[in-house]
Amino acid sequence: MEFRIEVPSKKEEREIDDELMIHNLKCVPPAQEEPFVKICRCAKAPDGSLAGGVLACSVLWNILYVEAVWVREDCRGRRLATRLLDEVEAEAKALGCRIAQLDTYDFQARELYEKRGYRVFGTLENAPEGHSHYYLFKELL
Numbered sequence: 001m002e003f004r005i006e007v008p009s010k011k012e013e014r015e016i017d018d019e020l021m022i023h024n025l026k027c028v029p030p031a032q033e034e035p036f037v038k039i040c041r042c043a044k045a046p047d048g049s050l051a052g053g054v055l056a057c058s059v060l061w062n063i064l065y066v067e068a069v070w071v072r073e074d075c076r077g078r079r080l081a082t083r084l085l086d087e088v089e090a091e092a093k094a095l096g097c098r099i100a101q102l103d104t105y106d107f108q109a110r111e112l113y114e115k116r117g118y119r120v121f122g123t124l125e126n127a128p129e130g131h132s133h134y135y136l137f138k139e140l141l
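Following full-length UniProt numbering, the numbering of the sequence shown begins with 1 at its first residue and continues without gaps.
Next comes the structure, spelled out in structure tokens:
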């Protein structure tokens, strides 16, 4: 049998995603009713502008995955990231999450996460070149 390797269509991308999900759920049944539950928060400045935010979701087996944490440069140093993460983690715990994971680079906020109880479980060196990419987790007690 001869196989061709090519770029998938959008429909084929969805099929690949769906088939992987079917396989995963056969191996380990989901621990939550919805496979992905968004848990996002943002902070607004007094003028109503966006000062920062956290994008996260509870994934399949009650794992909080923190996708993005950002605070506007002129609003940093005011514990906004900590307050936002506190709210997201509290909601995740209420939904049954027992563990959180995220990733960050050496030029981002690794120290913030470590102060909050996250621990590095993996590192990619030179990703991007000259920098490190860290993978962290935290038990949500």
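Beta carbons are placed, not taken as given, at the ideal position from N, Cα and C, and that holds for glycine.
In the DSSP secondary-structure assignment, TRP70 is bridged to GLY53. Boundaries of the beta strand (DSSP E) harbouring ASP103: 99 to 105, taken from the DSSP string. Buried is the label assigned to GLY53, since at least 16 other Cβ atoms lie within 10 Å of its Cβ. Closest in C-alpha terms to LEU136, from the list VAL69, THR123, ASP17, PRO35, comes THR123. Assignment of ILE63 by DSSP, reduced to helix, strand and coil, places it in the strand class. Boundaries of the beta strand (DSSP E) harbouring VAL37: 36 to 38, taken from the DSSP string.
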